[in-house]
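In my numbering, the protein residues as written are 230 to 522. Written out below as structure tokens is the structure these notes cover.
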Amino acid sequence: MFLLYALTVLGGVALIGPYRAAGVRAFEDPTALSNVALIVAEVLVATLLLLLAFRSDRAEGVVRLVVLGAVAVLVQSPVGVLLPASVPAPGLVGPAVGAAVAGVLWVYPEWYVIDAAAVGFGAAAVGLFGVSLSPLPVVALLVVMAVYDVYSVYVSEHMQSLGGGVVGLKLPMVFVVPVDREFSLLAVDDLADLSEGAMLLGVGDAVFPGMLAASALAFLDAPAVVAGLSLPVLGALAGAAVGFVALEVLLFAVRRTHAGLPALNGGVLAGYLAGSLAAGVPLVEALGLAPYL
Numbered sequence: 230m231f232l233l234y235a236l237t238v239l240g241g242v243a244l245i246g247p248y249r250a251a252g253v254r255a256f257e258d259p260t261a262l263s264n265v266a267l268i269v270a271e272v273l274v275a276t277l278l279l280l281l282a283f284r285s286d287r288a289e290g291v292v293r294l295v296v297l298g299a300v301a302v303l304v305q306s307p308v309g310v311l312l313p314a315s316v317p318a319p320g321l322v323g324p325a326v327g328a329a330v331a332g333v334l335w336v337y338p339e340w341y342v343i344d345a346a347a348v349g350f351g352a353a354a355v356g357l358f359g360v361s362l363s364p365l366p367v368v369a370l371l372v373v374m375a376v377y378d379v380y381s382v383y384v385s386e387h388m389q390s391l392g393g394g395v396v397g398l399k400l401p402m403v404f405v406v407p408v409d410r411e412f413s414l415l416a417v418d419d420l421a422d423l424s425e426g427a428m429l430l431g432v433g434d435a436v437f438p439g440m441l442a443a444s445a446l447a448f449l450d451a452p453a454v455v456a457g458l459s460l461p462v463l464g465a466l467a468g469a470a471v472g473f474v475a476l477e478v479l480l481f482a483v484r485r486t487h488a489g490l491p492a493l494n495g496g497v498l499a500g501y502l503a504g505s506l507a508a509g510v511p512l513v514e515a516l517g518l519a520p521y522l
């Protein structure tokens, strides 16, 4: 599980350079806190629509089509920026790759296909949001989403229903790691069928913490120390790893569904701030609060 998590986060961080060079950006003003409100609203609306759709057998095909279409669109963005200039018809390669990924997911959604696609589009999301949001909006988003994760898992418990629908429709919105050699996702219809056969982690549990490391690379002025990465970026990556370990300890200590973002977002934020201090970056600057003080 950690390998999938790490590949998603590191893949997104690696895309920051190509995205910046290509001028890719999702928001006009990366410092605006209104971007956070927009993202949270989109998450809530998408969650509501998915929960409603999962109650109708007739809507299942539409849901799969829409989600896989979104995956195809997101996957093609890194393909476009990573292609060498010598490739003929570069504008067609990205859409072709995206369509191929969606096609394979539609026809054969086995767990390793789901995982490969989830890493690809998760890394694309980490890079896209990291290059589009400065650290302050990202930190605000991490706090809001951690609180929402706690509410959705422990209070309303609708995250379990969402996970069941995602698993039932074989959507690449979760990482699936088998613990049984005979496990096949093709034979699973809902969470109850998973039993002890596999472990799950939402792709968002990698995307949200990964955004802070990516944003630090894109926006924070700090000297590089290793592989072109500054101490704040390295601290965020280390914190993301520590947060993952903390989540795994919790999962093994208390066997039930847990909210992952409090540990993961808390770890990456603590690591980022520690790395910033080690690099001599004031916390006010690291958090993007200087313009407001």
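All C-beta atoms, glycine included, are put in the ideal place defined by N, C-alpha and C. Everything numeric in this text was worked out from a predicted model, so none of it was measured.
Look at GLY426 here: in three-state DSSP terms it is coil, with no helix or strand label. Apart from sequence neighbours up to five positions away, the residues of its chain that approach GLY351 with a beta-carbon distance below 7 Å are THR237, VAL432, ALA435, VAL436, ordered along the chain.
Contact between ALA443 and GLY241 holds: CB atoms are separated by about 5 Å, below the 8 Å threshold. In the displayed model, GLY252 falls within coil according to three-state DSSP, outside both helix and strand. The beta-carbon distance between LEU244 and PHE404, rounded to whole angstroms, is 19 Å. This is too long to meet the 8 Å contact definition. Taking the CA atoms as reference points, ARG485 sits about 12 Å from LEU476. In the structure shown, VAL373 falls within a helical segment according to DSSP collapsed to helix, strand and coil. Leaving aside the five residues that flank ILE343 on each side, the residues in its chain whose CB is nearer than 6 Å to its CB run, in chain order, PRO401, VAL405. Secondary structure in the stretch 290-348: the alpha helix (DSSP H) runs of 4 residues or longer, each lying completely within the stretch, are 319-336 in chain order.
About 4 Å separates the CB atoms of LEU490 and ALA375; that is less than 8 Å, so the two are in contact. Under DSSP, LEU458 forms a beta bridge with VAL455. In the displayed model, GLY496 falls within a helix according to three-state DSSP. The bridge partners DSSP lists for GLY431 are VAL403. Between LEU362 and ASN264 a beta carbon distance of about 6 Å is seen, short of the 8 Å cut, so the two are scored as contacting.
LEU297 sits away from TRP340, with the two beta carbons spaced by 9 Å or more. In this structure, SER385 is the residue among LEU460, LEU512, ALA467, SER385 with its C-alpha nearest to the C-alpha of LEU277. Bounds of the alpha helix (DSSP H) holding PHE283 are 263-283.
Sorting LEU414, VAL322, ALA469 by C-alpha distance to the C-alpha of SER306 places VAL322 at the top.
Inter-residue distance for VAL417 and ARG254 is about 38 Å (C-alpha atoms, whole angstroms). When the beta-carbon positions are compared, LEU460 and GLY393 stay at least 9 Å from each other. When C-alpha distances from GLU411 are compared across ALA453, LYS399, VAL302, ALA427, the shortest belongs to ALA427. Note that the C-beta distance between ALA251 and GLY309 is below 9 Å.
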